[in-house]
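Below: the structure, in structure tokens.
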Amino acid sequence: LIVVPTSVMLNWEVEFKKWCPAFKILTYFGTAKERKAKRQGWSKPNSFHVCITTYRLITQDQKVFRRKKWKYLILDEAHMIKNWRSQRWQTLLNFNSKRRLLITGTPLQNDLMELWSLMHFLMPHVFQSHSEFKNWFSSPLTGQVEAGGGVNMDLVARLHGVLRPFLLRRLKSEVEKNLPGKTEHVVHCGLSKRQRRLYEEYMASSDTSTTLSSGNLLGIINCLMQLRKVCNHPDLFAGRPIVSAYDMLPGVCMRVPSAVANDARRREEDPFGIRFLAPRGLHLLSLEDGGGGAWAAREALRRMSSSVEVEECLAGGGAYAIASAPAARLGRMTAAADVAVRLFAEARAAAAKVERRAVAQRLATLAA
């Protein structure tokens, strides 16, 4: 049983088919009815070799997963169970599995007790006591950091010694010998007027001066993080409303080829979302040429809700691609004149995943 984030479930399936083509892979997803159909006969020997599902579905269908005896339980992005009080952690901990494997690039993010959650999940009989682990490692190290003193290296070495038998840490230099050497090119960028003003105002504030003079390490790190936000982009530090050049337009025109527009009007199912566009000030026009309308369409899409699913059908017989992104990212889509944009209102997450999977499979077939 392999539990993964929804975004990488298809990747796992593709890699299994690439490296282990003889394996029977059960990709467990879909509606409740579809998942029930996939469970038909899965108790029979050799009905499948690997079952891939998501963290959401493993919690939702925990009863059926708990009844089955698994030889291996593998969690990808295992830091998703770092909270030992969460329902997800409690659910997965009670699964009947002979062996367990956690895959993560960030086993430790905020404090050492997150690490205990992972270790207890792997070896509950070895890492039994939450309080003992906290007294041995977490409390001493946290106290040293908050006091601004140096970290006790003997304590760190003892922690490494306890964890070493259970951790396999692999570096790129150990597994990929063909990677070229890293080249760093530093480009110094000056601050804009707004960035410099925010930077100087933050440094001149009394709260910042008090924090820096206190010598508290965590407080100083937080100050540096705020200054980093200013340097990366001032809106990360102090947001401001976005004023669009298209706000004064009563309606936004989206330009598509006339053949596409005529076909859209003929279809009863409204494939290009005309009924959905009209209430939002969008009009589907039968125009052959591009121009300002394409940019207007992109700006309108940027302001739409994050629940919108956008499917781009590239003209000229090319491959198909589907994009599902928050509203802020929709503005980065290319809105060319030869692109027909199909909008789905109230698209449900489950249906969207099925659609993305089907489109990805079509792309893989075309690429082959």
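In the UniProt record's numbering, the protein residues as written are 1 to 368. Note that the Cβ used here is the ideal one computed from N, Cα and C, for glycine as well. Keep in mind that this is a model prediction, so the values were computed, not measured.
Give the range of the beta strand (DSSP E) segment to which residue i is assigned.
i   : result
T6  : Segment: none, T6 is in no beta strand (DSSP E) and carries neither H nor E.
T59 : Counting along the chain, T59 falls outside any beta strand (DSSP E), though it belongs to the alpha helix (DSSP H) covering Y55 to Q60.
W89 : Not the beta strand (DSSP E): W89 falls in the alpha helix (DSSP H), residues Q87 to L93.
I25 : I25 to T27
S97 : S97 to I103
I74 : W70 to D76
Can you tell which of the options has the C-alpha that lies nearest to the C-alpha of residue i?
i    : options                  : result
Q62  : R39, V50, D76 and F48    : R39
L26  : T104, I52 and V186       : I52
C189 : V230, S173, F65 and L218 : V230
R170 : M9, G105 and P241        : G105
R66  : R85, L57 and N94         : N94
Y72  : M203, V50 and S7         : V50
K98  : M119, M113, L112 and K69 : K69
R35  : V64, W19, M9 and V8      : V64
F127 : S173, L163 and W19       : L163
F48  : P21, V186, L115 and A32  : P21
Q195 : A32, K17 and N232        : N232
Taking its Cβ as the centre, do 16 or more other Cβ atoms sit within 10 Å of residue i, making it buried, or is it exposed?
i    : result
P124 : exposed
S209 : exposed
F121 : buried
S117 : buried
E269 : A caution first: E269 carries a pLDDT of 46, below 50, which makes its placement in the model unreliable, though a value can still be read off. Exposed: under 16 other Cβ atoms inside 10 Å.
H79  : buried
E15  : exposed
E176 : exposed
F23  : exposed
P234 : buried
C103 : The sequence as given places Ile at residue 103; Cys does not occur at that position. Exposed, by the Cβ-count rule.
E200 : exposed
G317 : Residue placement at G317 is poorly supported in this model, since its pLDDT is 39, which falls under 50; the coordinates still yield a value, given next. It is exposed - the Cβ of G317 has fewer than 16 other Cβ atoms within 10 Å.
M153 : exposed
L330 : Residue placement at L330 is flagged as unreliable, the pLDDT there being 35, under the threshold of 50; the coordinate-derived value follows with that caveat. The residue is buried, with at least 16 neighbouring Cβ atoms inside 10 Å.
L218 : exposed
V3   : buried
V252 : With a pLDDT of 45 at V252, under the threshold of 50, the modelled position of this residue cannot be trusted; read the value that follows with caution. The residue is buried, with at least 16 neighbouring Cβ atoms inside 10 Å.
L168 : exposed
S214 : exposed
L13  : The sequence shown places Glu at residue 13, rather than the Leu named in the question. E13 should be labelled buried.
L115 : buried
L236 : exposed
Which residues mark the beginning and the end of the alpha helix (DSSP H) in which residue i is found?
i    : result
R197 : K193 to A204
K38  : A32 to K38
K172 : K172 to V175
I220 : L217 to N232
W116 : L112 to L122
Assuming residue i contacts residue j under a Cβ cut-off of 8 Å, what Cβ separation, rounded to an integer in Å, is found between them?
i    : j    : result
W89  : N96  : Contact flag wrong, Cβ pair sits at about 16 Å.
L57  : F29  : 7 Å
P5   : D76  : 7 Å
T59  : Q87  : 6 Å
L224 : Y202 : Actually they do not touch by this definition, with Cβ atoms about 11 Å apart.
L92  : I74  : About 11 Å; that fails the 8 Å criterion.
L198 : A238 : 6 Å
L212 : I220 : 6 Å
F166 : M119 : 6 Å
How about residue i: is its C-beta nearer than 8 Å to some C-beta of chain E?
i    : result
P165 : No chain E appears in this structure, which consists of one protein chain only.
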